[in-house]
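In this text, residue positions in the sequence shown follow the UniProt record's numbering: the first is 1, and each later residue adds one.
Just so you know, even glycine gets a beta-carbon here, dropped at the ideal spot from N, CA and C.
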Amino acid sequence: MAAHSLSLYLPVVTRSLVPLAFRHLLLPHRLRLRLRLRLVSAVSPSRARPLGLGARPPRPHAAPLGYGGRRPSGGLDHRAMSSSTNSTVATELSVSENSREIEPLPFVNDKHGGVIIEMKTPMDPGVFSAYLKAALAKWREQGIRGVWIKLPITLSNLIPTVVEEGFWYHHAEETYLMLAYWLPNTTHTLPVNATHRVGVGAFIMNDKREVLVVQEKSGVLRGLGVWKFPTGVVEPGEDINVGAIREVKEETGIDAEFVEVLAFRATKLFLINQIYFSCACYDRCHMTLRSKTRK
């Protein structure tokens, strides 16, 4: 324990004026061996000035040198390290190049013999182009026909890469763009974008045979004094009956209940065909009050 305790104060002892021979006795065996190696390297022909017993040894934090002023065999040679690093980088590049050919893009198969690629994470356009070329070649061999790519607005930098491969715009929404491509050398049979909008109107009559009508606050009928049914457009993914109830609530504040479709027609609106459904509804509040009165 005494020798180990003295080794903790080695930096202080080596900087003192105690003769080198006496300091040898205070050092542990391993440190004495390292110090002896330094003395031998100091008196080698490569050194112009020999170190005596009273000379100051190298700093403790300096890297130890072996015989002839060379580093011990356990050290790392700079050339060997550089060669190892270069080989590692070359291996990584090789793996990266190979992975471009086999790594699949995120896709799912649709019900019509096609695939849908839905990109969600950022990707370098060059890497994405390599993945896409490999995927298209593989799908062409497998007999895949239609290929869809859904790009969110955050990945708009990939659009030129997709278009260069032959894709065309199919439709766009607020947050994404859908592109399509047909692999066979035939006329494509992919469906076109939506061709119709769905409009609804609510017909509500009370016990007095009064019909609920409103006046528009905006649009072509604003300020003309025209009375009309509560109408509107069905939202994406919304059913007709739900759309009719919602429009009545938004325009009048009345809670309505859907009964049936009275009629429908097709019209032209803003260069898009529209199918308009007239729906029979009743005022839920009015019907509840009437039922309570009868009881």
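TODO: Could you check what DSSP says for Q142 in three-state terms: helix, strand or coil?
DONE: Counting from 1 along the sequence shown, the entry for residue 142 is found at position 142. Q142: helix per DSSP, three-state reduction.
Task: Simplified DSSP assignment, three categories, for P125 - done: Numbered from 1 along the sequence shown, position 125 holds the residue referred to as residue 125. Residue state, collapsed to three classes: helix.
Open item on the list: Out of G201, K228, L136, Y276, which one is the CA nearest neighbour of K217?
Closed with: Mapped onto the sequence shown, residue 217 falls at position 217. In terms of CA proximity to K217, K228 leads the group G201, K228, L136, Y276.
Task: Cβ pair count under 8 Å reaching 3, the stretch 148 to 165 against the stretch 230 to 250 - done: Three or more Cβ pairs closer than 8 Å define a contact, and the stretch 148 to 165 falls short of that threshold against the stretch 230 to 250.
TODO: Note down, in chain order, each residue of its chain lying with its Cβ closer than 8 Å to the Cβ of C281, except the 5 sequence neighbours on either side.
DONE: Walking along the sequence shown from the start, residue 281 turns up at place 281. Taking C281 as the centre and dropping the five residues before and after it, the same chain places the C-beta of A202, F203, I204, A244, I245, V248, A256, E257, F258, V259 closer than 8 Å to its C-beta, in chain order.
Open item on the list: Suppose you measure from the CA of T195 to the CA of N273; what does that come to, to the nearest Å?
Closed with: Counting from one through the sequence shown, the residue named residue 195 turns up at place 195. Counting from one through the sequence shown, the residue named residue 273 turns up at place 273. Whole-angstrom Cα-Cα distance: 6 Å.
- [ ] Tell me, to the nearest whole angstrom, how far the beta carbon of Q215 is from that of V200; I am working on the premise that it is less than 8 Å.
- [x] Start at 1 with the first residue of the sequence shown, and residue 215 comes out as number 215. Start at 1 with the first residue of the sequence shown, and residue 200 comes out as number 200. No, Q215 and V200 are not in contact; Cβ-Cβ is about 18 Å, not under 8 Å.
TODO: Using the Cα positions of L132 and S156, report the straight-line distance between them to the nearest angstrom.
DONE: Position 132 of the sequence shown, counting from 1, holds the residue named residue 132. Position 156 of the sequence shown, counting from 1, holds the residue named residue 156. If I take the Cα positions, the gap works out to 16 Å.
Task: Closest residue to E235 among I275, R265, R197, Y181 (Cα-Cα distance) - done: Along the sequence shown, one-based indexing puts residue 235 at 235. If you compare the alpha carbons of I275, R265, R197, Y181 with that of E235, the shortest gap goes to R197.
Open item on the list: To the nearest angstrom, how far is the alpha carbon of V211 from that of F277?
Closed with: Numbered from its first residue, the sequence shown carries residue 211 at position 211. Numbered from its first residue, the sequence shown carries residue 277 at position 277. Each residue's alpha carbon lies about 17 Å from the other.
Task: Start and end residues, beta strand (DSSP E) containing K249 - done: Sequence index remark: in the sequence shown, residue 249 carries index 249 (1-based). Per DSSP, K249 belongs to no beta strand (DSSP E); it is in the alpha helix (DSSP H), 240 to 252.
Task: Contact set for R265: own chain, Cβ-Cβ below 6 Å, skip 5 residues either direction - done: Counted from its first residue, the sequence shown places residue 265 at position 265. Cβ neighbours of R265 beyond the five flanking positions: Y276.
Open item on the list: Please return the same chain residues whose Cβ sits closer than 6 Å to the Cβ of E174, not counting the five positions on each side in sequence.
Closed with: The sequence position of residue 174 within the sequence shown is 174, counting from 1. Around E174: no qualifying Cβ.
Open item on the list: Can you tell me where the beta strand (DSSP E) holding V115 begins and where it ends?
Closed with: As a position in the sequence shown, residue 115 is number 115, starting the count at 1. For V115, the uninterrupted beta strand (DSSP E) run begins and ends at 115 to 118, by DSSP.
Task: Status (buried if at least 16 other CB within 10 Å, exposed otherwise) for I117 - done: Reading the sequence shown from its first residue, position 117 is the one you call residue 117. I117 comes out buried.
Open item on the list: For G146 and H112, which I take to be in contact (beta-carbon distance under 8 Å), what is that distance rounded to the nearest angstrom?
Closed with: For the purposes of this step, residue 146 is identified with residue 146 of the sequence shown, where counting begins at 1. For the purposes of this step, residue 112 is identified with residue 112 of the sequence shown, where counting begins at 1. A Cβ-Cβ distance of about 7 Å is found for the pair G146 and H112, placing them in contact under the 8 Å criterion.
Open item on the list: In whole angstroms, give me the CA-to-CA distance for T267 and T187.
Closed with: Indexing the sequence shown from 1 puts residue 267 at position 267. Indexing the sequence shown from 1 puts residue 187 at position 187. Spanning the alpha carbons of T267 and T187 requires a straight line of approximately 30 Å.
TODO: State buried or exposed for W168, treating a residue as buried only when at least 16 other CB atoms are found within 10 Å of its CB.
DONE: Sequence index remark: in the sequence shown, residue 168 carries index 168 (1-based). Per the 10 Å Cβ criterion, exposed.
Task: C-alpha gap between A134 and L262, whole angstroms - done: Taking the sequence shown and counting its residues from 1, the one referred to as residue 134 is at position 134. Taking the sequence shown and counting its residues from 1, the one referred to as residue 262 is at position 262. Going by the C-alpha atoms only, they are around 54 Å apart.
Task: Outcome for P230 when other beta-carbon atoms lying within 10 angstroms are tallied against a minimum of 16 - done: Here residue 230 is taken as the residue at index 230 of the sequence shown, counted from 1. Looking at its Cβ environment, which holds 16 or more other Cβ atoms inside 10 Å, P230 is buried.
TODO: Please go through the same chain and pick out, in chain order, the residues whose beta-carbon is closer than 8 Å to the beta-carbon of L183, but skip the five residues on each side of it.
DONE: Position 183 of the sequence shown, counted from the first residue, corresponds to residue 183. Answer for L183: L136, W139, R140, I144, R145, G146, V147, listed in chain order.
Open item on the list: What does the Cβ neighbour count give for V213, buried or exposed, with the cut at 16 atoms within 10 Å?
Closed with: For the purposes of this step, residue 213 is taken as the residue at position 213 of the sequence shown. Looking at its Cβ environment, which holds fewer than 16 other Cβ atoms inside 10 Å, V213 is exposed.
- [ ] Below 6 Å CB to CB, which residues in the same chain sit around I254 once its five sequence neighbours on both sides are set aside?
- [x] By one-based count along the sequence shown, residue 254 stands at place 254. The answer, listed in chain order, is V248, D283.
Open item on the list: According to DSSP, is V213 part of a helix, a strand, or is it coil?
Closed with: As a first step, residue 213 is located in the sequence shown; it is residue number 213 there, counting from the start. Residue state for V213 is assigned as coil, using DSSP reduced to three classes.
- [ ] Could you name the residues of the same chain whose beta carbon sits closer than 6 Å to that of I153, not counting the 5 residues immediately before and after it, in chain order?
- [x] Position 153 of the sequence shown, counting from 1, holds the residue named residue 153. Excluding residues up to 5 positions away in sequence, T175 lie with their Cβ nearer than 6 Å to the Cβ of I153 in the same chain.
TODO: Work out the CA separation of P191 and N109 for me, nearest whole Å.
DONE: Along the sequence shown, read from residue 1 onward, the residue named residue 109 stands at position 109. Along the sequence shown, read from residue 1 onward, the residue named residue 191 stands at position 191. N109 and P191: Cα-Cα distance of roughly 16 Å.
Task: For L151 and M178, the rounded distance between their alpha carbons - done: As a position in the sequence shown, residue 178 is number 178, starting the count at 1. As a position in the sequence shown, residue 151 is number 151, starting the count at 1. Cα to Cα, M178 sits roughly 6 Å from L151.
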